[in-house]
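Going by the numbering used here, the letters in the sequence shown line up with residues 157 to 780, in that order. Ideal placement from N, C-alpha and C gives every residue a C-beta, glycine not left out. Please read these numbers as outputs of a predicted model, since none were measured by experiment.
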Amino acid sequence: MTFQNQRKVLIFSITMMFINTFTALNLLFNNSLLGKVKEINVGRWIETDLLLISWNFHFDNASLVMISLVSFISSLVHLYSYEYMKNDPHIIRFFSYLSFFTFFMLLLVSSSNLVQLFVGWEGVGLCSYLLINFWFTRVQANKAALKALIMNRIGDFFFILALVFIYKNFKSFDFGVILDPNIIEYLLAATTCHCMWDTPIAIITFLLFFAAVGKSAQLGLHTWLPDAMEGPTPVSALIHAATMVTAGVFLIIRCSTLFNYAPSTCLVMSVFGVLTAVIAGFIGLVQYDIKKVIAYSTCSQLGYMVFACGLNQYSISFFHLINHAFFKALLFLGAGAIIHALNDEQDIRKMGGLQKILPFLYQIFLIGSLALAGIPFLTGFYSKDLLLEVAYGNSTNMSQYLFWLGTFGAFLTAYYSTRLIYYVFWADVNGYKSVYKMIHEPGLPITVVLMLLAIGSIFFGYYAHDLFVGTASTFFSTSFTNGLQNNNYDVFYDIPLFYKFLPLFVTILAIIASIFLAGPFNLFLTKLQLNKKTRFIYVFFNKKWFFDTLYNIVAYININQGFKISYEFFDKGFLELFGPMGATNIIYKCGKIMSSFHNGFINNLMQIFFIGFFIFLNLVFLSL
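Set out below in structure tokens:
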């Protein structure tokens, strides 16, 4: 394909994405004002005597907000990639993967039944493999793509089990049936067991949650997300900002009615969410890859979203999901522009002094990092602080313990966000002179994209706060409901001022500490690393709490056992002995033995004749 034709294809793809975005925004504004829920039936898909699944698209306020967000972020990523990937010879293939990814994500968020949602769920998993492994000649890209695929398959296994239990109890996959409170209460009333984990709703929600653990990179299955940085930077922004990793949180929010009747699952969710936020923050403190630091911040923020879902505050979780999309896309795309300017250098220890050399990118990165840390009055502040206030205002003692953990997670987030700015922009120049001579600001497409995301990171939280989580807001009333006892936030606004301002105070303290202690902290880490007695502390955090090591050991043992059982015993043993190859060998050997008698000598032929005649006579006498 010539350069001109290639350019036309790319412009056409970008244009279609922006048309899709404007259409989604138009639908959102028209639908949200009227408060209507629309469904479009495209046609029947699976039809049996006991089951009917159709291609139905469900448009309520929550799905339209997600459609608008996914379309908007994807459009900006397409435009950004036009400049960022312009020298790649396979840019057409890259754009096709991006568009395919967006299609499956839109299918996921607009589905009216779980089976159709599962198609989009699997589709984004497939496209993530293709995008992470886009530069397939790199060994690390291959490993990262396989890791993402395998980790997500674990979560998908729980999703399939959830589908089985849902059909067993509801005899349907439509959200209109499985989210009907009357049907749920009838199932609970018909349950004779007395254990909270034995109810069908508890089992279903537990399986759905662990499906979300894989897709949204919660503790245990989170290791694939930082390794996904091996793909091109636009892929990182698309996966981390508003698409694949938020699919698990969206699944929980979409099935919120089920989770409202499963307090045991919600407790597990809140604990998992807070632990993910804190542990990912600890790991992010000692990372030196600019994209991996931001990736661990994604794990941390996803933990906050799941934490809010565990408190049955789905509107707050959804609000944080939308806010997070703006500043996280800004951070990743800004980091990509920095990497591009530094000749593909990603180690922050080889940067520094970029504040005056790249002033535009410095301002962009500062906005994104401060929004991530939750500084007033940027977008991240409005959802993160409200989330922690809700945790403290909750009536249970456990949620108040989790409030302190969540506040500590906010400290870690602010600390490593400021540390990243220090290393990249404020520290002394540590890079090569030849690289710094070639530094340049990004071109017009990247500049436009970063400015639009910066505007969203500054203003969206302020203007959308009352609409999404205001005390009198009914914006999501047709989409989902908060907990049975938590339908308003009045009680949460009356908490003591000390606890209301504590997250903000902790955040400011972390930023100040990071500014003055970034250099000494790096020296402290170096001493930990060099000292034989304390080296294990540094290694423990730097090696990501040995999650990867543990999985490698378990996988190695299982692969060896699988090789011995499946290949050596079953494939090469049982199947070859009794299967087609075994039957072929038996027939061949029998034929060879029989053919040895037919050598043309009359005495051998007479022996065969008399032996056969003797056997025939015995059979006759035995039958009498």
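If you compare the alpha carbons of 708, 522, 631 with that of residue 475, the shortest gap goes to 631. Under DSSP, residue 211 takes part in a beta bridge, and its partners are 199. Residue environment for residue 761: exposed (fewer than 16 other C-beta atoms within 10 angstroms of its C-beta). DSSP places residue 383 in the helix class (H, G or I) of the three-state scheme. Collapsing the DSSP output to three states places residue 194 in a strand.
In this structure, the straight-line span from the alpha carbon of residue 563 to that of residue 449 is close to 19 Å. Restricting attention to 325, 366, 188, the CA atom closest to the CA of residue 346 is found in 325. The segment 450-463 makes contact with the segment 425-433; the number of CB pairs closer than 8 Å reaches 3 or more.
Residue 409 is positioned such that its CB atom lies no closer than 8 Å to that of residue 365. In the structure shown, the three-state DSSP call for residue 541 is helix. By the 16-neighbour rule on beta-carbons within 10 angstroms, residue 575 is buried. Each of 650, 768, 588, 463 was checked against the Cα of residue 558, and the nearest Cα belongs to 463.
One Cα belongs to residue 495, the other to residue 514, and the distance between them is close to 12 Å. Annotation: residue 597 is outside any alpha helix (DSSP H) and is labelled neither H nor E by DSSP. Secondary structure within the segment 203-283: the alpha helix (DSSP H) runs of 4 or more consecutive residues, fully enclosed, are 217-240, 247-265 (chain order). Here the segment 531-539 lies against the segment 611-628, with 3 or more beta-carbon pairs under 8 Å apart. Residue 268 is positioned such that its CB atom lies closer than 8 Å to that of residue 213. Residue 330 sits in a strand when the DSSP states are folded into three classes.
Residue 222 is positioned such that its CB atom lies no closer than 8 Å to that of residue 280. A direct Cα-to-Cα measurement between residue 525 and residue 210 gives close to 44 Å. Residue 378 and residue 446 have their C-alpha atoms roughly 18 Å apart. Between the segment 373-392 and the segment 432-443 there are three or more C-beta pairs closer than 8 Å, enough to call the two in contact. Here DSSP, grouped into helix, strand and coil, assigns residue 500 to coil. Annotation: residue 162 to residue 452 spans about 36 Å, alpha carbon to alpha carbon. Between the segment 481-496 and the segment 541-556 there are fewer than three C-beta pairs closer than 8 Å, too few to call the two in contact.
Taking the C-beta atoms as reference points, residue 165 is found nearer than 8 Å to residue 248.
Annotation for residue 410: the continuous alpha helix (DSSP H) segment containing it runs 400-410.
In this structure residue 356 touches residue 343 by the C-beta definition: roughly 6 Å separates them, less than 8 Å.
When C-alpha distances from residue 184 are compared across 606, 270, 599, 215, the shortest belongs to 215. CA-CA distance, residue 671 to residue 608, rounds to 28 Å.
Listed as beta-bridge partners of residue 445 by DSSP are 503. In the three-state reduction of the DSSP assignment, residue 293 falls in the coil class, being assigned neither a helical nor a strand state. A direct Cα-to-Cα measurement between residue 467 and residue 659 gives close to 18 Å. In this structure residue 257 touches residue 394 by the C-beta definition: roughly 7 Å separates them, less than 8 Å.
The Cβ atoms of residue 601 and residue 236 sit closer than 8 Å to each other. Separation of residue 239 and residue 465 (C-alpha to C-alpha, rounded to the nearest whole angstrom) is 38 Å.
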